[in-house]
Amino acid sequence: MRKTLDRQNAQARMKLSFKKGQIEQVLVNYTRNSNVGPYHDLVKVLEEYPINDDNYQVLLEDCLACVVLLGRELKHFVDVLCNVEWAGRGEKFVEMYSRFVLNLVTAHTYHCPRVMTNLVKLFKVDGNNWDEQPPEELMAKWSNIHTIIAQIVAVMPMTTDLLMHTVIDQFPYYKAGCFSNRAYIHNLIWMSKYLPLLKEQLVMAVINRMVTMDVNIEDQAKNKLQIDTMFEMDTEEQDTVSETLDYCMIEVLKWLEDEREPALVIMCNVFERVILPTHGIRHVQFLILYTISISQQCADRIFSNLWMIAAGLHGSGPGALATRRTATSHLAGLLARCVRISNSRLIHYLKSMAEWCHSYITATQESTAVSDNTKVHGVFHSICHAIFYLVAFKNHQLFVSKESLNFVESLNLPRLVTCSLNPLRTCPPQVTRAFSSVTRAHQVVYCQAIIEKNTRHSLQYSTEECYNEWFPYDPYTLPKSGQIIWPLCIEYKDWAKDGDDETQYSSIKKKLVAEDDDYLIASPNQKLASSLSNNILPGFKTSETIIM
852 MRKTLDRQNA
862 QARMKLSFKK
872 GQIEQVLVNY
882 TRNSNVGPYH
892 DLVKVLEEYP
902 INDDNYQVLL
912 EDCLACVVLL
922 GRELKHFVDV
932 LCNVEWAGRG
942 EKFVEMYSRF
952 VLNLVTAHTY
962 HCPRVMTNLV
972 KLFKVDGNNW
982 DEQPPEELMA
992 KWSNIHTIIA
1002 QIVAVMPMTT
1012 DLLMHTVIDQ
1022 FPYYKAGCFS
1032 NRAYIHNLIW
1042 MSKYLPLLKE
1052 QLVMAVINRM
1062 VTMDVNIEDQ
1072 AKNKLQIDTM
1082 FEMDTEEQDT
1092 VSETLDYCMI
1102 EVLKWLEDER
1112 EPALVIMCNV
1122 FERVILPTHG
1132 IRHVQFLILY
1142 TISISQQCAD
1152 RIFSNLWMIA
1162 AGLHGSGPGA
1172 LATRRTATSH
1182 LAGLLARCVR
1192 ISNSRLIHYL
1202 KSMAEWCHSY
1212 ITATQESTAV
1222 SDNTKVHGVF
1232 HSICHAIFYL
1242 VAFKNHQLFV
1252 SKESLNFVES
1262 LNLPRLVTCS
1272 LNPLRTCPPQ
1282 VTRAFSSVTR
1292 AHQVVYCQAI
1302 IEKNTRHSLQ
1312 YSTEECYNEW
1322 FPYDPYTLPK
1332 SGQIIWPLCI
1342 EYKDWAKDGD
1352 DETQYSSIKK
1362 KLVAEDDDYL
1372 IASPNQKLAS
1382 SLSNNILPGF
1392 KTSETIIM
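At position 247 of the sequence shown (counting the first as 1) the number is 1098 in this note's numbering, and the numbers step up by one without a gap.
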């Protein structure tokens, strides 16, 4: 069938022949004499028949000669002309098309949205995924498109707003497939390199779409836990979205590696505007873990801002409590999981969090209107949970010497545990058990009596008061981009085990070496699955619990 269609197209090309000046005459007769017959025939030919190089040259030369005639009444002709294949032709034809487009949009600015849309649409293509770089032929086509976009913006700087609107409007549907989304994001990153004023907006558009993918993976994972079975197509759909996000993460990580300082600063801005306000995502936030791992300046900024938000130093506003709790989760997760976090930074923020909590307890004790509602004291509970989480997770650093033990004792953890606000009551069970075990072993604080009391009275508390905490940097489960992320993530290690901290990469590598090569072609759902609802309850999961 394919050969038959190709043969028919070749025959159509041979039969179709434009004469120089013929198309110009058709357009002149249509605009000045309302001679619609030849015009409609011309449009039909351009829509339905393949155009060879000779005819394409005549077409462009005639259109260049009468650009002034291509007004609003010829918008359909302009649409059809822009849709004729040009990006894969020879350099001479690409240059002619570029000249025509620039003449058109400068002579008739109202055609600019139409032209820009047709250019951006060419980034939405179907094909096979690539490993290192897209195929050379495809890169050459994309390069031609980018050249024209850059020329339009250079000649008409005000088109940058139009370009951003078009880019966002033309973004492929997140379920459109891995290649389509990856190719589009690859080209937006490419665009950001020659349009520096749009760099941050383009990256923000990319991250927004990746967050959409991430949230939908999360939603599908939740739905899967709620039902016993899933249709096979539902499982395949989730695998497709996961694969798409995986390769999109690779594109952004490569961009961060190539651009370095300018890109890292932009990523900090995008984190604060897009990622931080989004609760419950599972993967995209690891871009900021990568960022702080390679830039001390970005790490200082991110940690400082997260703490200021969590402590309420940025002021309050709509949704402020939810944002503060989310900031606390990010702060605790980054301090716990990031390999390149120094002990001095960990100690600084543990001390700051403990001092804030003690001040809060003092304030509530002195207040005449004390409420036991966990919603009212939600931020206090979240910061306490962060302290418990860090003490349990970083136990090998915090209890390694007499000096470090003295520091933990200086946090006055018994006061946090035994205060009337009872933060252990709402603490995730995994965190509670790990924290209790570690602190009891080192004789810092004894929690068992309070845990048992909370258990006995658990039926008296509504489900609204007992909420699940979100720890956003639990083990990363996307296999391809994970090769970049895993070496930067610390594995949780039980306090009773000796030895140095393992990265998630080293632990997973040990696991994979012992397995067959079947893993490499297995479904991500089969091999990279969480033993619990990932990121909802922390569980101090290791790679052994996510590779099944």
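The beta carbon of each residue, even a glycine, is placed where N, CA and C say it ideally should be.
Since the structure is predicted, the reported quantities are computational estimates derived from the model, not experimental observations.
Burial state of residue i (16 or more Cβ within 10 Å)
i       : result
Pro1323 : buried
Thr1306 : exposed
Gln1216 : exposed
Arg1188 : buried
Asp1097 : buried
Leu1201 : buried
Ser1233 : buried
Asp1368 : Because the pLDDT at Asp1368 is just 46, under 50, the model does not fix this residue reliably, and the value given afterwards should be weighed accordingly. Result: exposed.
Val1295 : buried
Ala958  : exposed
Asn1120 : exposed
Asn1032 : buried
Ala1150 : buried
Lys1245 : buried
Glu1342 : buried
Thr960  : exposed
Met1009 : exposed
Pro1047 : exposed
Lys1344 : buried
Asn884  : exposed
Gln1299 : exposed
Leu1164 : exposed
Extent of the continuous alpha helix (DSSP H) run through residue i
i       : result
Pro1330 : Pro1330 to Ile1336
Ala1162 : Neither: Ala1162 is in no alpha helix (DSSP H) and is coded neither H nor E.
Gly1439 : The structure shown has nothing for residue 1439, since the chain only spans 852 to 1399.
Asn934  : Lys926 to Asn934
Trp981  : Premise fails: Trp981 is in no alpha helix (DSSP H) and is neither H nor E.
Gly1229 : Gly1229 to Phe1244
Ala1027 : Element bounds for Ala1027: n/a, residue is neither H nor E.
Val971  : Cys963 to Lys972
Arg1291 : Pro1280 to Ala1292
Glu1413 : Residue 1413 cannot be examined here, being either before or after the span of the chain that is shown, 852 to 1399.
Arg883  : Gln873 to Asn884
Phe1137 : Phe1137 to Ile1145
Gln1021 : First-last for Gln1021: undefined, no H or E at that position.
Val887  : Val887 to Glu899
Arg1307 : Gln1299 to Arg1307
Met1009 : Element bounds for Met1009: n/a, residue is neither H nor E.
Thr1213 : Asn1194 to Glu1217
Cys1119 : Glu1112 to Val1121
Lys1253 : Lys1253 to Ser1261
Pro1265 : Leu1264 to Thr1269
Length of the line joining the Cα atoms of residue i and residue j
i       : j       : result
Leu915  : Asn954  : 8 Å
Leu1272 : His1181 : 23 Å
Trp993  : Phe974  : 7 Å
Asp904  : Ser868  : 11 Å
Ile1160 : Leu989  : 45 Å
Thr1213 : Leu1267 : 11 Å
Glu1260 : Ser1195 : 16 Å
Leu910  : Gly872  : 9 Å
Thr1142 : Met1118 : 7 Å
Asp1079 : Ser1093 : Because Asp1079 sits at a pLDDT of 46, beneath the cut-off of 50, its placement in the model cannot be relied upon, and the following sentence gives the value as read from the coordinates. In a straight line, the C-alpha of Asp1079 is about 21 Å away from that of Ser1093.
Glu1206 : Asp1065 : 35 Å
Ala1173 : Thr1277 : 16 Å
Ser1332 : Leu1197 : 27 Å
Asn1059 : Gln1021 : 14 Å
Thr1011 : Pro964  : 11 Å
Ser1193 : Cys1270 : 31 Å
Leu1013 : Tyr907  : 29 Å
Gln984  : Asp1109 : 14 Å
Pro1023 : His1016 : 14 Å
Gln1147 : Leu1186 : 14 Å
Val877  : Pro889  : 6 Å
Asn880  : Asp913  : 14 Å
His997  : Asn934  : 16 Å
Leu1076 : Arg1133 : Note that Leu1076 scores 49 on pLDDT, short of 50, meaning its location in the model is unreliable; the coordinates nonetheless yield the value given after this. Going by the C-alpha atoms only, they are around 16 Å apart.
Thr875  : Leu893  : Thr is not the amino acid found at residue 875; the sequence shown has Glu there. C-alpha separation (whole angstroms): 11 Å.
Beta-ladder partner(s) of residue i, from DSSP
i       : result
Cys1189 : Cys1340
Are there three or more Cβ pairs, one per stretch, closer than 8 Å when the region 1233-1243 is compared with the region 1271-1283?
yes
Any contact of the region 1040-1053 with the region 1126-1140, i.e. 3+ C-beta pairs under 8 Å?
no
Would you check if the region 1033-1041 and the region 1100-1120 touch, i.e. whether three or more CB-CB distances between them fall below 8 Å?
yes
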